[in-house]
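Quick notes on the structure that follows.
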Amino acid sequence: MGKILAIIFISLFITGVFWVGSGEFSIHGHSSITPDNKAFFEEKKPFHLGYVFRWNGVGQPVIQDIILIKKDGTKVGNDDKRISIKVYISEQGIGAVDEGTAIDEGYFEQYLPVEDFKVTNKILFLVLRVELKDESFENDIEQMLIEFKMMNFNRAKYIDFPGIVDETN
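209 is the number that the working numbering gives the last residue of the sequence shown; the numbers go up by one with no jumps.
This is how it looks when you write it as structure tokens:
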């Protein structure tokens, strides 16, 4: 009887570990800034860029942090001298809008902090508030790291990042 209970317990434990480890985030849509955008590049107006993510898994992860990573492996931080980026969760998707429009249309009021955000829907809208500080900015952000918890287990997901500036135009 004890062996059977042990086997059942171990099976449930292994199933639980697999369940916690099986989910991931994926990107399904994004906006960007065109290279000829004078408001962003010359006037240095902040822009809000929308991104659509999907949670592919069971359960409800709790996002701890979202970090942008450059091609050289360094993180885009508050001390970056070329660009300022702040990440928010939004209740609705937006495209690429300047900050004045984001405020006038009421988008900014709906933004939520990333830290400790519990994902309750399969679709997740992220907004990056991007402000150019220096023209020497290179479009060198390559990945987004989403750090989250599932059932109190820390997890991380690296996602290829499409960039801030659309260089295909």
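The C-beta atom is built at its ideal place from N, Cα and C for all residues, glycine as well.
The shortest C-alpha to C-alpha distance from Pro-86 to any of Arg-195, Phe-201 and Asn-77 is the one to Asn-77. In this structure, Ile-186 places its C-beta atom within 8 Å of the C-beta atom of Ile-106.
If you draw a 10 Å sphere on the C-beta of Tyr-128, you find 16 or more other C-beta atoms in it, and that means buried.
Put simply, the backbone Cα of Ser-62 is about 6 Å away from that of Gly-97. By the neighbour-count criterion, in which 16 or more other beta carbons inside 10 Å mark a residue as buried, Phe-193 falls on the exposed side. With respect to the C-alpha of Gly-133, the residue from Thr-160, Phe-177, Leu-172 and Gln-150 having the closest C-alpha is Gln-150. Pairing Ala-142 with Ile-73 gives a Cβ-Cβ distance that is not under 8 Å.
Taking C-alpha positions only, His-88 is separated from Asp-138 by approximately 6 Å. In the structure shown, Ile-50 falls within a helical segment according to DSSP collapsed to helix, strand and coil. Assignment of Lys-115 by DSSP, reduced to helix, strand and coil, places it in the strand class.
Annotation for Lys-121: no beta strand (DSSP E) segment contains it, and DSSP assigns it neither H nor E. Judged by their CB atoms, Glu-155 and Gln-104 are nearer to each other than the 8 Å cut-off. Under the three-state reduction of DSSP, Glu-178 is assigned to coil, being neither helix nor strand.
Rounded to whole angstroms, the gap between the alpha carbons of Asp-144 and Val-170 is 17 Å.
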